[in-house]
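In my numbering, the protein residues as written are 3 to 109. Heads up, the beta-carbon is just placed ideally off N, CA and C, and yes, glycines get one too. Here the structure is a predicted model, which means the values were calculated and not measured.
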Amino acid sequence: MIRREKSHVQAQLPPKVRHVLSIDCPAATMLWSKLEAQQAEAAKAGPAPAQHRPEMVQAYMDTGVLKADAVADLVRRLLGAPARLKVLVFGHHRAVLDRLEELLRHE
């Protein structure tokens, strides 16, 4: 596994092909439900957009880390496919990328 910043490799990449894949992660869903309830309460307190509140930023990272195991399973399946797919994974939170690297290091 090689880790590089997107800005360093973007010019070498073919045009983007986006695939949106749903990942079933009950723990992340439960956490997000609790935070949506908190968000509704916080919206009454002030005008700041919900996604910029510290608890929401933390929630995005926490749910990402919770989903990392499922993402690693998906990447393993893609790498093991008969078509020998090349897989490029970008992530926003370093904690999520660290977890993915930990899970996939020996693949």
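Does any heavy atom of the ligand SAM sit closer than 6 Å to the C-beta of residue i?
i: VAL77; result: Because no ligand of any kind appears in the structure shown, any question about the ligand SAM cannot be addressed here.
In whole angstroms, what is the alpha-carbon distance linking residue i and residue j?
i: PRO56; j: HIS95; result: 15 Å
i: GLY66; j: ALA30; result: 8 Å
i: GLU104; j: ALA74; result: 10 Å
i: VAL11; j: ALA72; result: 26 Å
i: ARG5; j: LEU106; result: 12 Å
i: VAL89; j: GLU43; result: 41 Å
i: ARG20; j: MET63; result: 22 Å
Can you list, in chain order, the residues of its chain whose CB lies under 6 Å from that of residue i, leaving out five sequence neighbours each side?
i: LEU99; result: GLY93
Keeping to the same chain, check which residues put their C-beta closer than 7 Å to that of residue i; ignore five residues upstream and five downstream.
i: ARG101; result: VAL67 and ALA70
The alpha helix (DSSP H) that contains residue i, what's its start and end?
i: ARG78; result: 56 to 81
i: LEU106; result: 96 to 106
i: LYS46; result: 28 to 47
i: TYR9; result: Looking at the sequence shown, residue 9 is not Tyr but Ser. Unbroken alpha helix (DSSP H) run through SER9: 8 to 11.
Looking at chain B, is there any beta carbon in it that lies within less than 7 Å of the beta carbon of residue i?
i: VAL19; result: Among the chains of the structure shown, chain B does not appear; only one protein chain is present.
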